[in-house]
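A.B. asks: What follows is a single structure, and I will ask about it in a moment.
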Amino acid sequence: MSKRTAIWWIRRDLRLRENQALHAALDHANKIIPLFILDSGLLDSPYVGPKRVSFLFDGLQKLDHELRQRGGQLIVRSGNPAHELSAVVQETAADVIFAEEDFSPYARRRDGHVSQLLPLMLLPGLVVHPPGLIRKKNGGPYTVFTPFSKVWKALPLPQQGDLLPAPGHIDVPHDLTSLTIPQGESDTIPHNFPAGESEARRRLSQFVSGPEAAVYSYAQSRNTPGVNGTSQLSPYLRFGMISARETAEAAVRAIDNAPSGAARDGAEVWLNELIWREFYVNILYHFPHVRGANYNPKYDNVQWINDSKQLRAWQEGRTGYPIVDAAMRQLVQSGWMHNRTRMISASFLVKDLLIDWRLGEQWFMQHLIDGDPAANNGGWQWTAGTGTDAAPYFRIFNPITQSKKFDSRGIYIRRWLPELGNVPDKNIHEPWLMSREDQIKSGCIIGRDYPAPIVEHAAARERTLSVYKSATG
DNA sequence: TTTTGAGTTGTTCGA
DNA sequence: GTCGAACAACTCAAA
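Here the first sequence stands for residues 23 to 495, numbered as in my numbering.
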């Protein structure tokens, strides 16, 4: 038996199951140090907010609990990662650091710096197929989703039996100091999303198990924000509380076990969502400039208006368009937003208010507990029409049409905008059209209890078409 | 090199 | 109410 000590440096892999970095550390050493470093460079970033940090802290508590059940514990330090890792190496004579590779520009800089000083082994796991692997015949990266997804699906996928089990026992040196795991401020804890690996696996299992599983109606129900039709796994994937491989394996098995053709389509659509996540990891890997700049420089001359009052109205859910405002309140209150309303509210900021997509990107990153630099940036550039495989610039969501189509009875709207609770169905999408009598009857006076629209959509649409046209003409 | 088919998520207009 | 075409031509990927 070896007498070696290794560090398992935990970053976005807060799980024991199907964890290749942990597995490699246990293969190499008989004692390991499960180490999480509170990186001030990350925690103080303007792209981070308290809800995601609270979720992370909750996840650290759960991971510590799992480790203690196996005879170990989580070691938490705070500061510059290279500095803290050096200190732990000195204290413990650990001879190697294992970590799951992360691919954001910041993570690559950080890990590059660490590996100049210390023996750092990076292992796969953030995505099923590592970025850079899937390439066109000529060697270049894909920038269109569909051909990327075809290659992704043709590559070997993990089988159930290939998934690494959680280790039964973890031996951690006892003489190590650790910070107490911090707790988030109570008003920032996202109560709809209890963190941790067992909760993540419970959600996955519930989503895909049995012939009546939600995954089989996903193709339709995912578009209805008033219904819980999605897996709600994004925060768990964000922090690796469940592995990408285990999730993809479950999706493929659901496809194979689908009870009908329509059910199969539903599961296929969900698998595609997982592949979209990997597509955008690839895009950010190959084109790091997309953090901060348009993927397509053709749009660099779009003249944004960036009205700060309108930006604040959007952020606070006071645009006067109920579907947009419900979405923005859901984001700020719960730390999550339904995918359909992410598109609607993003389109409204960019195409109705002509506010730079980067301001929306940052606001989402501050509030989403699933906020991921690759996926969030990809989504915003898609909406703005500036990205890879983007929506054409003339594709402008109509917030009223979208609202009628996907929240026809106003269930979602009323959930997040209680002031519209008694507004009749026929006015719920355009409450400013309510008669004076109905306003009084429903206790919702426009301009007093709920704002009038801050822009008129039809005019805003024309304005955006002409601004984009003159920028690219 | 040239050609060909295809491309997440929409809206509006007019028949 | 429903349906197809136009939006505006563009870029990508592969043969």
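C-beta: ideal position from N, C-alpha, C; glycine also.
Which residues does DSSP pair with residue 53 in a beta bridge?
C.D. replies: 27
A.B. asks: Given a threshold of 16 other Cβ atoms within 10 Å of its Cβ, counted over all protein chains shown, does residue 219 qualify as buried or as exposed?
C.D. replies: Under this definition residue 219 is a buried residue.
A.B. asks: List the endpoints of the continuous alpha helix (DSSP H) containing residue 142.
C.D. replies: Careful: residue 142 lies outside any alpha helix (DSSP H), inside the beta strand (DSSP E) at 142 to 145.
A.B. asks: In chain order, what residues of the same chain have a beta carbon less than 8 Å from the beta carbon of residue 339, not counting five sequence neighbours either side?
C.D. replies: If the five residues before and after residue 339 are omitted, its C-beta is found closer than 8 Å to the C-beta atoms of 346, 347, 348, 349, 350, 351, 354, 438, 439, all from its own chain and listed in chain order.
A.B. asks: Taking the alpha carbon of residue 155 as the point to measure from, which residue in 277, 53, 305 has its own alpha carbon closest?
C.D. replies: Of 277, 53, 305, the residue nearest in Cα terms is 305.
A.B. asks: Tell me whether the beta-carbon of residue 29 lies closer than 8 Å to the beta-carbon of residue 96.
C.D. replies: Annotated as distal: residue 29 and residue 96, with beta-carbon spacing of 8 Å or more.
A.B. asks: Between 472, 152, 214, which has its C-alpha nearest residue 335's C-alpha?
C.D. replies: Taking residue 335 as reference, the option from 472, 152, 214 with the minimal CA-CA separation is 472.
A.B. asks: Quick check on the DSSP output: the beta strand (DSSP E) that includes residue 121 runs from which residue to which?
C.D. replies: Element bounds for residue 121: 118 to 122.
A.B. asks: My guess is that residue 35 and residue 262 are in contact by the Cβ rule of under 8 Å, so how many angstroms apart are they, rounded?
C.D. replies: 4 Å
A.B. asks: Three or more C-beta pairs under 8 Å: does that hold for the region 314 to 322 against the region 402 to 411?
C.D. replies: yes
A.B. asks: List, from N- to C-terminal side, the alpha helix (DSSP H) runs of 4 residues or more that fit wholly inside the region 459 to 494.
C.D. replies: 479 to 494
A.B. asks: I need the boundaries of the alpha helix (DSSP H) containing residue 380, first residue and last residue.
C.D. replies: 379 to 389
A.B. asks: Which residues in the same chain have their Cβ closer than 8 Å to the Cβ of residue 147, if we skip the five residues on either side of it in sequence?
C.D. replies: 35, 40, 41, 42, 43, 122, 123, 262, 265, 266, 267
A.B. asks: Three Cβ pairs or more, each shorter than 8 Å: is that satisfied between the region 86 to 100 and the region 359 to 372?
C.D. replies: no
A.B. asks: Rounded to the nearest angstrom, how far is the Cβ of residue 419 from that of residue 366, given a contact under 8 Å?
C.D. replies: 5 Å
A.B. asks: Among 383, 303, 361, which residue has its Cα nearest to the Cα of residue 333?
C.D. replies: 383
A.B. asks: Count the other C-beta atoms from every protein chain shown that fall within 10 angstroms of the C-beta of residue 362, then say buried if there are 16 or more, exposed otherwise.
C.D. replies: Burial is judged here by how many other beta carbons sit within 10 angstroms of a residue's own beta carbon; residue 362 has at least 16 and is buried.
A.B. asks: Please check the pair residue 235 and residue 243, which I expect to be a contact at CB under 8 Å, by giving their CB distance rounded to whole angstroms.
C.D. replies: So it is not a contact: roughly 11 Å between Cβ atoms.
A.B. asks: Report the rounded CA-to-CA distance for residue 113 versus residue 139, giving the unit in angstroms.
C.D. replies: Spanning the two alpha carbons is a distance of roughly 16 Å.
A.B. asks: Would you check if there are 3 or more beta carbon pairs closer than 8 Å linking the region 380 to 396 to the region 62 to 70?
C.D. replies: yes
A.B. asks: Does DSSP classify residue 498 as helix, strand or coil?
C.D. replies: Lying before the first or after the last residue shown, residue 498 is absent from the chain, which here runs from 23 to 495.
A.B. asks: Between the Cα of residue 181 and those of 271, 59, 475, spot the shortest distance and give me the residue it belongs to.
C.D. replies: 271
A.B. asks: Enumerate, from N- to C-terminal direction, the unbroken alpha helix (DSSP H) stretches of 4 or more residues contained entirely within the region 151 to 236.
C.D. replies: 167 to 176, 219 to 230
A.B. asks: Name the DSSP beta bridge partners of residue 97, please?
C.D. replies: 57
A.B. asks: What first and last residue would you give for the alpha helix (DSSP H) that runs through residue 70?
C.D. replies: In this chain, residue 70 is not harboured by any alpha helix (DSSP H), its DSSP state being neither H nor E.
A.B. asks: Give me, in chain order, the residues of the same chain whose beta-carbon lies closer than 7 Å to that of residue 58; leave out the 5 immediate sequence neighbours on both sides.
C.D. replies: 32, 82, 96, 98.
A.B. asks: Determine whether the beta carbon atoms of residue 258 and residue 397 lie at a separation below 8 Å.
C.D. replies: no
A.B. asks: Measuring CB to CB, does residue 434 end up less than 8 Å from residue 163?
C.D. replies: no
A.B. asks: Compute the distance between the beta-carbons of residue 92 and residue 189, then report whether it is under 8 Å.
C.D. replies: yes
A.B. asks: Within its chain, find whatever has a CB closer than 6 Å to the CB of residue 245; leave out the 5 residues flanking it on each side and keep chain order.
C.D. replies: 362, 428
A.B. asks: Suppose the cutoff is 8 Å on Cβ atoms and the five residues either side in sequence are ignored; what does the same chain contact list for residue 377 look like?
C.D. replies: 326, 327, 328, 329, 332, 333, 336, 371
A.B. asks: Would you mind reading off the limits of the alpha helix (DSSP H) that contains residue 403?
C.D. replies: The continuous alpha helix (DSSP H) containing residue 403 extends over residues 395 to 406.
A.B. asks: What alpha helix (DSSP H) runs, 4 residues minimum, are completely inside the region 309 to 354?
C.D. replies: 330 to 337
A.B. asks: Taking its Cβ as the centre, do 16 or more other Cβ atoms sit within 10 Å of residue 324, making it buried, or is it exposed?
C.D. replies: buried
A.B. asks: If you draw a straight line from the alpha carbon of residue 405 to that of residue 443, how long is it in whole angstroms?
C.D. replies: 30 Å
A.B. asks: Please classify residue 422: does DSSP put it in a helix, a strand, or coil?
C.D. replies: helix
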